[in-house]
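Here the structure is laid out as structure tokens; the discussion comes afterwards.
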Amino acid sequence: SWSVFEDRIVYQLVVFLQPPPGYSFRLELYECTSDIRVVLECTCSRTGDMFCFLHSSDNNQTSHVLSTLCTGSYLDVEEIACWVQNLVQSAWERLPQWHDWQLQLLPSSHSCRLLLTGPCQVQLCAVLIFAVQQGSP
Numbered sequence: 000s001w002s003v004f005e006d007r008i009v010y011q012l013v014v015f016l017q018p019p020p021g022y023s024f025r026l027e028l029y030e031c032t033s034d035i036r037v038v039l040e041c042t043c044s045r046t047g048d049m050f051c052f053l054h055s056s057d058n059n060q061t062s063h064v065l066s067t068l069c070t071g072s073y074l075d076v077e078e079i080a081c082w083v084q085n086l087v088q089s090a091w092e093r094l095p096q097w098h099d100w101q102l103q104l105l106p107s108s109h110s111c112r113l114l115l116t117g118p119c120q121v122q123l124c125a126v127l128i129f130a131v132q133q134g135s136p
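Counting from 1, position 59 in the sequence shown corresponds to residue 58 in the numbering used here; the numbering is continuous, with no gaps.
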């Protein structure tokens, strides 16, 4: 959605997170809060509760991503917001528009808030809100 706030245009964008291959998200509801657990899954035919060697938890790339975005076995929205802010910051100078627009990361622990100031001091604020679709693989 978008709106006008003071002298800037504000865009709110929902970013749906997908689990890495071999994992799924499980919503755990409590009385006052909820958590999203990251669960290792095996899509191969198997016997009993044995995981196949292809989907062992030793996958370095996946475990690095999970250790970056999770606290224990749960998604951590503050870690996700920090990771996305760092990713946007490092990618910004590779974009051709960076000469004409100034990027400022705004403080936020549960979303990624970007302020873009362009020619004639036009300001756009983008708020990336992270979500998990219920029933996602």
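Ideal placement from N, C-alpha and C gives every residue a C-beta, glycine not left out. Note that the structure is a prediction, hence the values are computed from the model and not measured.
Backbone CA spacing between residue i and residue j [nearest angstrom]
i    : j    : result
E5   : A125 : 15 Å
E30  : C119 : 49 Å
G71  : L127 : 24 Å
Q88  : L28  : 34 Å
W100 : A90  : 14 Å
V3   : R36  : 36 Å
V13  : R93  : 24 Å
S0   : Y73  : 28 Å
G117 : L104 : 15 Å
S66  : L102 : 28 Å
F24  : H63  : 17 Å
F129 : P95  : 26 Å
Q84  : S107 : 10 Å
I8   : L26  : 34 Å
Inter-residue CB distance, residue i and residue j (contact presumed, cutoff 8 Å)
i   : j    : result
Y22 : L123 : No, Y22 and L123 are not in contact; Cβ-Cβ is about 34 Å, not under 8 Å.
Among the options, nearest to residue i - alpha-carbon criterion
i    : options                : result
E40  : P19, S66, D34 and L115 : P19
Q132 : S66, H63 and L16       : L16
D69  : P106, D99, V38 and V13 : Looking at the sequence shown, residue 69 is not Asp but Cys. Out of P106, D99, V38 and V13, V38 has the C-alpha closest to the C-alpha of C69.
S33  : V14, V76, S2 and T67   : V76
W97  : V121, H63, R7 and L115 : L115
Spell out a yes or no on whether the segment 100-120 and the segment 77-90 are touching, meaning 3 or more CB-CB pairs, one atom from each, closer than 8 Å. yes
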